[in-house]
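**Student:**
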Amino acid sequence: MGITFQPGNRKIDIEPVIDNLPSAIMVVDRDRRVLLANRMAAVFAQKSKEAFWGLRGGEAFGCVNSGKSPGGCGSAPECEICAIRHAVTETFETRRGQIGVETEMEFVQTGAIAVRASTNFIESDDQGLVILSLEDMTE
Numbered sequence: 004m005g006i007t008f009q010p011g012n013r014k015i016d017i018e019p020v021i022d023n024l025p026s027a028i029m030v031v032d033r034d035r036r037v038l039l040a041n042r043m044a045a046v047f048a049q050k051s052k053e054a055f056w057g058l059r060g061g062e063a064f065g066c067v068n069s070g071k072s073p074g075g076c077g078s079a080p081e082c083e084i085c086a087i088r089h090a091v092t093e094t095f096e097t098r099r100g101q102i103g104v105e106t107e108m109e110f111v112q113t114g115a116i117a118v119r120a121s122t123n124f125i126e127s128d129d130q131g132l133v134i135l136s137l138e139d140m141t142e
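Reading the sequence shown from the start, the letters are residues 4 to 142 in the working numbering.
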């Protein structure tokens, strides 16, 4: 599935654009399910880009909390304080991005990592989507 946006009267496929960015990037729908992930997201999560499809962000990246509840990512008690979940939800609600949200996440494969997240709202084929960018801040 190609995700496009239309500046002016040109339609642009964003996959080649985000694939060449230096941060881990995902495009998620209102249910926070991944529609598209870039190469750096695949490196970050240690899986193929295609493996992200349809998963929620925490499931895709291997957040330790995503498997604690039958509802998956976003449904465990710990998810109530997840800064990334809040940034994505607020971006959908306000249609305004969040920049430089710093938090610590614990991943199954790598342990705790300090991350900086940014979001932005885009409209694609009459559907609101959020672009989520994650940067590893650990030194």
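Quick reminder that beta carbons are idealized off the backbone N, C-alpha and C, glycines included.
Would DSSP call aspartate 22 helix, strand or coil?
**Tutor:** Locating residue 22 in the sequence shown gives position 19, where the first residue counts as 1. Here aspartate 22 sits in helix by DSSP.
**Student:** If contacts are defined as beta-carbon pairs under 8 Å, then arginine 42 and aspartate 22 qualify, I think. What distance do you get, rounded to the angstrom?
**Tutor:** Working through the sequence shown from its first residue, we reach residue 42 at position 39. Working through the sequence shown from its first residue, we reach residue 22 at position 19. Between arginine 42 and aspartate 22, the beta carbon gap of about 5 Å places them in contact (Cβ cut-off 8 Å).
**Student:** Within the continuous beta strand (DSSP E) that includes glutamate 48, where are the two ends?
**Tutor:** Residue mapping note: residue 48 aligns to position 45 of the sequence shown, counting from 1. A small fix is needed here, since residue 48 is alanine in this sequence, not glutamate. Looking at the DSSP string, alanine 48 is not in any beta strand (DSSP E); the run it does join, the alpha helix (DSSP H), is 42 to 48.
**Student:** For valine 30, which residues does DSSP report across the bridge?
**Tutor:** Working through the sequence shown from its first residue, we reach residue 30 at position 27. Per DSSP, Leu39 and Ile134.
**Student:** Rounded to whole angstroms, what's the CA-CA distance from lysine 50 to alanine 44? Just pull it up for me.
**Tutor:** Residue 50 sits at position 47 when you count from the first residue of the sequence shown. Residue 44 sits at position 41 when you count from the first residue of the sequence shown. Between lysine 50 and alanine 44, the C-alpha separation is close to 8 Å.
**Student:** Roughly how many angstroms separate the alpha carbons of cysteine 76 and valine 67, rounded to a whole number?
**Tutor:** Counting from 1 along the sequence shown, the entry for residue 76 is found at position 73. Counting from 1 along the sequence shown, the entry for residue 67 is found at position 64. Distance between the alpha carbons of cysteine 76 and valine 67 is about 9 Å.
**Student:** For phenylalanine 47, I'd like the list of residues in its chain whose CB is within less than 6 Å of its CB, leaving aside the five on either flank, ordered along the chain.
**Tutor:** Numbered from its first residue, the sequence shown carries residue 47 at position 44. For phenylalanine 47, where only same-chain residues beyond five positions count, the Cβ hits under 6 Å are Ala27.
**Student:** Just to confirm my understanding: we take alanine 115, look at its own chain, exclude 5 residues before and 5 after, and list those with CB closer than 8 Å. What are they?
**Tutor:** Within the sequence shown, the letter at position 112 stands for residue 115. The residues are Glu107, Met108 and Glu109.
**Student:** Which residue marks the beginning of the beta strand (DSSP E) containing valine 67, and which one marks its end?
**Tutor:** The count along the sequence shown starts at 1 and reaches residue 67 at position 64. Careful: valine 67 lies outside any beta strand (DSSP E) and carries neither H nor E.
**Student:** Taking the runs of the beta strand (DSSP E) that are 3 residues or longer, which of them lie wholly in the region 57 to 112?
**Tutor:** 104 to 110
**Student:** Tell me the DSSP bridge mates of phenylalanine 124?
**Tutor:** Sequence index remark: in the sequence shown, residue 124 carries index 121 (1-based). In the DSSP output, where bridge partners are listed per residue, phenylalanine 124 has Val133.
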